[in-house]
Structure formats: C-alpha cells, structure tokens
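Contents: one structure, followed by commentary.
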Amino acid sequence: MSNRFKPKFNIKKGDTVVVIAGDDKDAKKPRKVLEVFPEKSRVLVEGVNIVTRHTKPSARNTRGGIVKKEAAIHISNVMLWDAKAGAGVKVKRTREEGKLVRVSKKSGEAIK
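Counted the way the working numbering counts, the sequence shown spans residues 1 to 112.
Rendered as structure tokens:
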C-alpha cells in the first residue's frame, strides 16, 4: 500500500470496540484494542480470534508446547463502543480548538 492513498482509521490502540462479524461476534460485549496494523487493515482485540501456536522450546521459552494467543482480525469487523449509547457506533471527525476529535454519530459525545 502506498503512502499516497493510505487510509485513515477511526480505531486506535486502547479503544473499546465491539466485534460485529466473525466467530467472536457479540455486539453487546465491549473489548479492548491491543494493537492496530494500518498497513494490513487489521486490529488485535483482547480475547478475540484465539489461535493455538505450537512452539518449540527455546532460550526464552524453555517449556515450549501449545500456546493460545490472539490473532488479528480485519478492521471492518469491529465498531467503536459508545458507553452512553451502549452500542457500537459510527464515528465522524470534527475540528475542535484546532484538533481533530472523534465524535459518536449516535450520541454526539466525543470519544476519548
């Protein structure tokens, strides 16, 4: 993906989101974003898309074995959570005091 047409996403690390598609779909359970991968259009969400990794013993991990960890999901499968609305919301960007602020379209509240 070239930098010229790099998409801007409304989801950032540390945001609270709901999963709206996939195996872990639950529109009423807010979860935390651990990491965002904008170049791949993916996000790592806490407790979602758990995969098992078969790891060999190494200097860092002496035991090895089967490890469960989260894998990234596509950014289109999550929606920002608005506590006031109690649901996933679409977001618009408005300029307040010279800074872009994300605002919920349902409640009109600024998202921190």
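For every residue, glycine included, the Cβ atom is placed at its ideal position computed from N, Cα and C.
Cα-Cα separation between residue i and residue j, rounded to whole angstroms
i, j, result
"R60", "A72", "23 angstroms"
"G22", "R95", "34 angstroms"
"A27", "L80", "10 angstroms"
"G98", "V19", "32 angstroms"
Below-8 angstroms beta-carbon distance, residue i vs any chain C residue
i, result
"K68", "Reference to chain C is not applicable here, since this structure consists of a single protein chain."
Same chain, Cβ closer than 8 angstroms to residue i, five either side skipped, listed in chain order
i, result
"I75", "F9, I11, V36, S41, R42 and V43"
"K13", "V33, L34, E35 and V36"
Proximity winner among the options, relative to residue i (alpha-carbon distances)
i, options, result
"K112", "R4, T16, P7 and T52", "T16"
"E83", "D24, K13 and S104", "For clarity, residue 83 is Ala in the given sequence; the question names Glu instead. Measuring from the Cα of A83, the nearest candidate turns out to be S104."
"H54", "V48, V45, E46 and G64", "G64"
"P7", "I20, P38 and A87", "P38"
"K106", "E46, A85 and E96", "A85"
"K68", "V78, T62, A87 and E46", "E46"
Cβ-based burial, residue i [other Cβ within 10 Å; buried from 16]
i, result
"L100", "exposed"
"N3", "exposed"
"V51", "exposed"
Chain-order list of residues whose beta-carbon lies under 7 angstroms from that of residue i (same chain, five-residue window excluded)
i, result
"D24", "V48 and N49"
Same chain only: Cβ atoms within 6 angstroms of residue i, ignoring 5 sequence neighbours per side
i, result
"A110", "V101 and V103"
Worksheet item: Between the region 91-102 and the region 30-45, do at least 3 Cβ pairs fall closer than 8 angstroms?
Response: At 8 angstroms Cβ cutoff, the stretches do not touch.
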